[in-house]
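First comes the structure, then the notes that go with it.
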Amino acid sequence: MLKVNVQPVDTAEILKKVRQIEIKTKGLSNHIFAGEYHSAFKGRGMSFSEVRDYQVGDDVRAIDWNVTARLNHPFIKVFEEERELTVMLLVDVSESSLFGTVRQNKRSMMTELCAVLAFSAIKNNDKVGVIFFSDGMEKYIPPKKGKSHILFIIRELLSFTPTRKGTNIRETLRFFNNATKKKSIVFMLSDFLTGDYQDALNIAAKRHDVVGVHVYDQRDKELPPVGLIQMQDSETGARQWVDASDKQVQQYYTQSFQQHVQYCRNSFKKSGADLISIRTDEDYVKALRGFFTNR
1 MLKVNVQPVD TAEILKKVRQ IEIKTKGLSN HIFAGEYHSA FKGRGMSFSE VRDYQVGDDV
61 RAIDWNVTAR LNHPFIKVFE EERELTVMLL VDVSESSLFG TVRQNKRSMM TELCAVLAFS
121 AIKNNDKVGV IFFSDGMEKY IPPKKGKSHI LFIIRELLSF TPTRKGTNIR ETLRFFNNAT
181 KKKSIVFMLS DFLTGDYQDA LNIAAKRHDV VGVHVYDQRD KELPPVGLIQ MQDSETGARQ
241 WVDASDKQVQ QYYTQSFQQH VQYCRNSFKK SGADLISIRT DEDYVKALRG FFTNR
């Protein structure tokens, strides 16, 4: 994989970016995704809210006979959905997440996606927590409500530096499965350029509502025909000279990417979990909207 060097960002720049992301993603959550998110993820059940006068057409099975007898007038019980849920964002912060060649790198795309999902969640009174992972668990932010909590999450996504470079989805899911007993909505955001996580995903999908968000760059998929170049694996550091114009090299590069994608698709399908695929130069609004609408 080609390596993109990312310079450290100072505090003032981080705060500026947090504000920019807040303005963009909070607006999307308020005006586009809040209702669709609510419809896509149901609460734990129905709870009693109040009684009101019976009206023609109401279900007679919902009549509160005690209140009706006491007041000598028909009253009906009103129930509302118990909405409070826990949303966990499992975010890949490995070295490959810093790769990007067009509009933005994968980490930037994942940060915006997390912000949209988080603002949509708190709009519906849900808690949001985060796990940053590389080839192990890097950071855990417990689920909480509130705008200040979401802004803290965004700030951490923009500034966090992992201690390791690799990616291990299996161990991350195992940690999550052991740490989280209460059923949650789980969004796992990664380029999924690794394998061997089917069993851990199966367990997570049985306990939780799991959605994979596959974020990739066009150059993860296709090697540009630019002649002899030195490539470096961003996670292992291994370097190799390759002829990027060679058709066999291009084919091998594309096939390697497609194998990872196919494993990812098969794994999520077998586990019963959902999967969204978004390229860094594509409009993620369209992809998320399609996902929410189809659930």
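Per UniProt numbering, residue 1 is the first one in the sequence shown, and the count goes up by one each step.
Where is the CB? At the ideal position from N, CA and C, for every residue including glycine.
CA-to-CA distance, residue j to residue i, given in whole angstroms
i, j, result
"Met-137", "Pro-225", "37 Å"
"residue 297", "Leu-288", "Because residue 297 is not part of the residues shown, which for the chain are 1 to 295, the question remains open."
"Ala-121", "Gly-27", "13 Å"
"Lys-183", "Arg-239", "43 Å"
"Ile-276", "Val-56", "44 Å"
"Arg-179", "Met-110", "A small fix is needed here, since residue 179 is Ala in this sequence, not Arg. Approximately 23 Å, taken between the alpha carbons."
"Ile-203", "Arg-295", "21 Å"
"Ser-148", "Cys-114", "15 Å"
"Asp-233", "Pro-162", "17 Å"
"Lys-145", "Asp-209", "19 Å"
"Glu-50", "Tyr-37", "26 Å"
"Tyr-284", "Arg-70", "56 Å"
"Gln-230", "Ser-94", "21 Å"
"Ala-244", "Leu-85", "48 Å"
"Lys-286", "Gln-248", "35 Å"
"Thr-68", "Asp-59", "15 Å"
"Lys-165", "Asp-92", "10 Å"
"Tyr-253", "His-260", "11 Å"
Sequence-distant residues of the same chain with beta carbon closer than 6 Å to residue i, five excluded per side
i, result
"Met-188", "Leu-90, Gly-212"
"Asn-177", "Ile-203, Ala-204"
"Gln-250", "Leu-223"
Cut-off 8 Å between Cβ atoms - residues of its own chain near residue i, not counting five sequence neighbours on either side
i, result
"Asp-220", "Met-1, Phe-99, Asp-191, Leu-193, Phe-257"
"Ile-63", "Tyr-54, Pro-74, Phe-75, Ile-76, Lys-77"
"Tyr-197", "Ile-169, Arg-170, Leu-173, Ser-267"
"Glu-112", "Ile-21, Lys-24, Thr-25, Tyr-284"
"Arg-265", "Leu-275"
"Val-102", "Asp-217, Gln-218, Thr-280, Asp-281"
"Gly-127", "Looking at the sequence itself, residue 127 is Lys, so the reference to Gly does not match. Glu-84, Leu-85, Thr-86, Val-87, Ala-121, Pro-143, Lys-144, Lys-145, listed in sequence order."
Identity of the residues DSSP links to residue i by a beta bridge
i, result
"Ser-277", "His-214"
"Phe-152", "Note: Phe-152 sits in no beta bridge, so no partner."
"residue 297", "Residue 297 is absent from the structure shown; the chain starts at 1 and stops at 295."
"Arg-103", "Arg-103 is not bridged to any residue."
"Thr-86", "Lys-127"
"Leu-228", "Asp-243"
"Leu-223", "BP columns for Leu-223 are empty, so no partner."
"Tyr-140", "Ile-131"
Close Cβ partners of residue i (< 7 Å) along its chain, the five nearest in sequence each way excluded
i, result
"Tyr-140", "Ile-131"
"Tyr-263", "Gly-195"
"Ser-29", "Val-116, Phe-119, Ser-120, Lys-123"
"Val-18", "Leu-151, Ile-154, Arg-155, Leu-158"
beta-carbon residue i near the ligand HEM non-hydrogen atom, thresh 8 Å
i, result
"Gln-20", "With respect to the ligand HEM, the structure shown offers nothing to examine, as it has no ligands at all."
Option nearest residue i by Cα separation, candidates the options
i, options, result
"Pro-143", "Gly-129, Cys-264, Ser-134", "Gly-129"
"Leu-151", "Glu-36, Phe-41, Leu-15", "Leu-15"
"Lys-270", "Asp-199, Val-261, Trp-241", "Asp-199"
"Leu-228", "Trp-241, Gln-218, Gly-237", "Trp-241"
"Val-186", "Asp-58, Val-87, Ser-96, Asp-246", "Val-87"
"Ser-134", "Glu-235, Phe-41, Ala-273", "Glu-235"
"Asp-274", "His-214, Gln-259, Arg-164", "His-214"
"Thr-11", "Gly-272, Phe-160, Thr-101, Lys-181", "Phe-160"
"Ser-97", "Gly-290, Lys-206, Thr-167", "Thr-167"
Segment contact, 8 Å Cβ cut-off, at least three pairs: the segment 95 to 109 with the segment 276 to 283
yes
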